[in-house]
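Chemist:
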Amino acid sequence: MPIVTVQVTREGTTRERQAVTAEEKAEIMKGVSQVLLDVLNKPLESTYVVIEEVDLDNWGWGGLPTAQYRARLAAKTKA
């Protein structure tokens, strides 16, 4: 029984949204489950997918909080 945890930032795909939609989560669950079926032959009924939404303030990379990293990347792109 595989259990897969998917972490995403708690933000939407557009500026006015602040979360991943139920439909987007369902698509993630469907896709991840299908990969485990295709690769490991794990039945869909025995695969659990957990989606954790993480506040953007609690997510970072490159040694910076996400917002700062994105701002730095945008500035480099404009230069």
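My numbering puts the first residue of the sequence shown at 96, with every later residue one more than the last.
Glycine is no exception: its CB is placed at the ideal position from the N, C-alpha and C atoms.
With distances taken from CA atoms, which of Arg105, Met96, Ile123, Thr142 is nearest Leu151?
Modeler: Within the sequence shown, the letter at position 56 stands for residue 151. When only C-alpha atoms are compared, the closest one is Arg105.
Chemist: Do Glu147 and Gln113 have their C-beta atoms within less than 9 Å of each other?
Modeler: Taking the first residue of the sequence shown as 1, we reach residue 147 at position 52. Taking the first residue of the sequence shown as 1, we reach residue 113 at position 18. In this structure, Gln113 does not lie closer than 9 Å to Glu147 by Cβ.
Chemist: I'd like to check one pair, Gly107 with Val115: are the Cβ atoms closer than 9 Å?
Modeler: What you label residue 115 is simply residue 20 of the sequence shown in a count that begins at 1. What you label residue 107 is simply residue 12 of the sequence shown in a count that begins at 1. Yes. Within cutoff.
Chemist: Can you give me the Cβ contacts of Pro160 inside the same chain, cut-off strictly under 7 Å, excluding the 5 residues immediately before and after it?
Modeler: Translated into the one-based positions of the sequence shown, residue 160 becomes position 65. Excluding positions up to five away in sequence, the list reads Asp152.
Chemist: Give me the Cβ distance between Ser128 and Val144, rounded to the nearest whole Å; I'm assuming they're in contact under 8 Å.
Modeler: As a working note, residue 128 is residue 33 in the sequence shown. As a working note, residue 144 is residue 49 in the sequence shown. Sure, about 6 Å apart at Cβ, within 8 Å.
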